[in-house]
Structure formats: structure tokens, C-alpha cells
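Enquirer: Line order of the protein sequences matches chains A and B.
In case it helps, the numbering used here puts the first sequence at residues 44 to 155.
In case it helps, the numbering used here puts the second sequence at residues 61 to 177.
Don't be surprised by glycine CBs; every beta carbon is placed ideally from N, CA and C.
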Amino acid sequence: GENVEQHPSTLSVQEGDSAVIKCTYSDSASNYFPWYKQELGKGPQLIIDIRSNVGEKKDQRIAVTLNKTAKHFSLHITETQPEDSAVYFCAAIYTGGFKTIFGAGTRLFVKA
Amino acid sequence: GAVVSQHPSWVICKSGTSVKIECRSLDFQATTMFWYRQFPKQSLMLMATSNEGSKATYEQGVEKDKFLINHASLTLSTLTVTSAHPEDSSFYICSARVPGSPLNEQFFGPGTRLTVL
Numbered sequence: 044g045e046n047v048e049q050h051p052s053t054l055s056v057q058e059g060d061s062a063v064i065k066c067t068y069s070d071s072a073s074n075y076f077p078w079y080k081q082e083l084g085k086g087p088q089l090i091i092d093i094r095s096n097v098g099e100k101k102d103q104r105i106a107v108t109l110n111k112t113a114k115h116f117s118l119h120i121t122e123t124q125p126e127d128s129a130v131y132f133c134a135a136i137y138t139g140g141f142k143t144i145f146g147a148g149t150r151l152f153v154k155a
Numbered sequence: 061g062a063v064v065s066q067h068p069s070w071v072i073c074k075s076g077t078s079v080k081i082e083c084r085s086l087d088f089q090a091t092t093m094f095w096y097r098q099f100p101k102q103s104l105m106l107m108a109t110s111n112e113g114s115k116a117t118y119e120q121g122v123e124k125d126k127f128l129i130n131h132a133s134l135t136l137s138t139l140t141v142t143s144a145h146p147e148d149s150s151f152y153i154c155s156a157r158v159p160g161s162p163l164n165e166q167f168f169g170p171g172t173r174l175t176v177l
């Protein structure tokens with residue numbers, strides 16, 4: 044079945060450094076890739092997304108890149124801050140269907 | 061962005077009792093809502109897809125008689141955990157699909173932590 048692999052499972056960085064989280068999807072029909080941030084005890088919040096017809100998208104300190112040929116997409120956070128500490132989930136969706144396939148999550152720690 | 065609420069945010073109940081969790085889309089009408097379950101340090105596991113006015117579609121392995129879903133209006137879906145047991149303790153999260161969105165965007169509620177004693 045469809046799946047999304049996400050790496051690393053845990054990432055610890057110093058404040059101000061960059062953080063990169065990578066995902067690989069299996070369903071070549073997937074054409075929408077959102078990223079969610081989940082803080083402790085809360086629901087996931089959409090932070091950025093990218094469509095399959097775009098290779099890169101940036102929103103302030105956050106950027107996402109997509110390589111459709113390799114079925115890879117990545118989240119890049121620059122100038123990390125302690126409040127960026129959370130669990131991040133990638134997801135892949137085929138917009139002709141309903142199901143969202145989530146990655147296993149990455150726990151990001153930003154040390155002050 | 062679209063806002064989804066859940067109630068209650070947490071609940072503690074005795075084994076054998078039933079618990080109802082509500083999911084509401086506050087500023088849009090959602091014909092489709094999703095219910096997820098999340099265990100500690102794990103990803104979200106889709107339990108069922110709730111469609112307004114029709115029966116929910118359950119994922120494989122999810123007992124439909126135990127997890128009753130009702131989507132009676134365009135802004136409200138409810139999940140009832142019947143005869144709850146300690147193994148049902150988990151974080152339950154709903155999401156609502158934005159109607160007409162070509163991307164099938166969905167917005168998540170804040171979650172409900174269920175503890176069954």
C-alpha cells in the first residue's frame with residue numbers, strides 16, 4: 044500500500060542553525076504535500092504545503108522542496124528558534140482521492 | 061484559515077462506559093471529516109472518514125460498533141467510544157476537509173485525550 048517514510052525521527056539543533064527533514068513517498072499519483080507542526084497535547088497545524096507542479100516554496104524561515112522524479116520532498120527551517128521545537132509530520136495526498144498518508148513524524152529539539 | 065474545534069479537550073472515564081467526542085467546523089461547512097487516533101510518540105492513524113448524511117467509512121481493523129461516528133450536520137461530527145477499555149486510552153484528533161478545495165486540504169482540531177481507568 045501507499046506509505047511515506049520520514050527521516051530523521053529525532054533532530055536536535057542549536058538555536059540559529061538550520062534543520063532539514065526529509066520524506067519519501069511511494070504513490071506516484073500523489074500530487075499535494077503538506078507539512079504539519081504538532082506541539083505537545085495539540086492537534087497538527089499546517090505550516091506549509093507544495094503542489095506537484097512546483098519544485099520549491101518558501102515562507103519566511105520555512106521552505107519545502109519537491110523532487111517528483113525521486114519522490115522526495117523536504118522541509119527546511121532556517122534560523123531555528125526554541126519555539127520551533129515540536130513534532131513535524133509530512134504527508135502525501137492524491138487530490139483525486141480522500142486519504143492523507145502521514146510520515147512517522149520528526150521530533151525537533153532546538154537548544155537555546 | 062479554517063478553524064476546527066473539539067470537545068472535550070480531555071476526558072477520564074471508567075472502564076465499560078461510553079464517551080462522546082464532538083468535532084465542529086467553526087467557520088465553514090464540512091461535508092467530510094476524518095477521525096484519527098494517535099498513540100504517544102507515534103503518527104496519526106486514520107480511523108474513519110465521516111461523510112455528512114451517510115455512513116462513515118472505517119479503516120481496516122477499526123471496529124465500527126465500538127467507534128460510532130455520526131455526521132448529522134455540515135458542521136458537526138461525533139465519535140462515540142462505546143464500552144471503553146483502558147486500551148482505548150489515546151489522543152483522538154478530528155479534521156475537516158475544506159469543501160471545494162482542489163487540494164483536499166484538511167484542518168485539524170486540537171485533539172481530545174481520552175483516559176480510561
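For the beta strand (DSSP E) holding Leu86(B), just list the boundary residues, first then last.
Expert: Segment: none, Leu86(B) is in no beta strand (DSSP E) and carries neither H nor E.
Enquirer: Measuring alpha carbon to alpha carbon, tell me which residue in Ser103(B), Met107(B) and Val64(B) is nearest Gln120(B).
Expert: Closest option to Gln120(B), Cα to Cα, is Met107(B).
Enquirer: Among residues of its own chain, excluding the 5 on either side of Tyr118(B), which ones have a beta-carbon nearer than 6 Å to its beta-carbon?
Expert: Cβ neighbours of Tyr118(B) beyond the five flanking positions: Ala108 and Lys124.
Enquirer: Got a sec: is the Cβ-Cβ distance from Leu163(B) to anything in chain A below 7 Å?
Expert: It does: the Cβ of Leu163(B) has a partner Cβ on chain A nearer than 7 Å.
Enquirer: In three-state terms, what does DSSP make of Pro77(A)?
Expert: Residue state, collapsed to three classes: strand.
Enquirer: How would you list, in chain order, the residues of chain B whose beta-carbon sits under 7 Å from the beta-carbon of Tyr131(A)?
Expert: Going along chain B, no residue has its Cβ under 7 Å from Tyr131(A), so there is no contact; the nearest lies around 11 Å.
Enquirer: Tell me which same chain residues have a C-beta within less than 7 Å of the C-beta of Asn164(B), skipping the five on either side of it?
Expert: Excluding residues within five positions, the ones whose Cβ falls inside 7 Å are Arg157.
Enquirer: Taking 7 Å as the threshold (beta carbon to beta carbon), is Ser143(B) in contact with chain A?
Expert: Cβ-Cβ to chain A under 7 Å: no for Ser143(B).
Enquirer: Residue range of the beta strand (DSSP E) that Val97(A) falls in?
Expert: Looking at the DSSP string, Val97(A) is not in any beta strand (DSSP E), and its letter there is neither H nor E.
Enquirer: Please report the residue range of the beta strand (DSSP E) in which Gln21(B) lies.
Expert: Here chain B has residues from 61 to 177 only, and residue 21(B) is not among them.
Enquirer: Please list the terminal residues of the continuous beta strand (DSSP E) segment that includes Ala147(A).
Expert: Here Ala147(A) belongs to no beta strand (DSSP E), and DSSP marks it neither H nor E.
Enquirer: For Pro77(A), count neighbouring Cβ atoms within 10 angstroms of its own Cβ and tell me buried if that reaches 16, exposed if not.
Expert: Buried, by the Cβ-count rule.
Enquirer: Buried or exposed for Leu177(B), going by 16 or more other Cβ atoms inside 10 Å?
Expert: Classification for Leu177(B): exposed.
Enquirer: Within a Cβ cutoff of 6 Å, which residues of the same chain sit near Arg27(A), ignoring the five residues on either side of it in sequence?
Expert: The question about residue 27(A) has no answer here: the residues shown for chain A are numbered 44 through 155.
Enquirer: Taking just the CA atoms, how far does Ile144(A) sit from Gln89(B)?
Expert: Using only the alpha carbons, I get a separation of about 23 Å.
Enquirer: In terms of residues, what are the limits of the beta strand (DSSP E) holding Thr135(B)?
Expert: Where Thr135(B) is concerned, there is no enclosing beta strand (DSSP E), given that its DSSP letter is neither H nor E.
Enquirer: Would you mind stating whether Phe152(A) and Ser117(A) have Cβ atoms separated by less than 7 Å?
Expert: Against a cut-off of 7 Å, the Cβ pair of Ser117(A) and Phe152(A) comes out as no contact.
Enquirer: Check the Cβ-Cβ distances between Ile153(B) and every residue of chain A, and say whether any is below 7 Å.
Expert: Judged by the 7 Å Cβ criterion, Ile153(B) is in contact with chain A.
Enquirer: Go ahead and pull the three-state DSSP assignment for Glu165(B).
Expert: Coil.
Enquirer: From which residue to which residue does the beta strand (DSSP E) around Tyr96(B) run?
Expert: Note, Tyr96(B): beta strand (DSSP E), Thr92 to Gln98.
Enquirer: Report the neighbours of Phe167(B) on chain A: residues whose CB is nearer than 8 Å to its CB, in chain order.
Expert: Result: Leu89.
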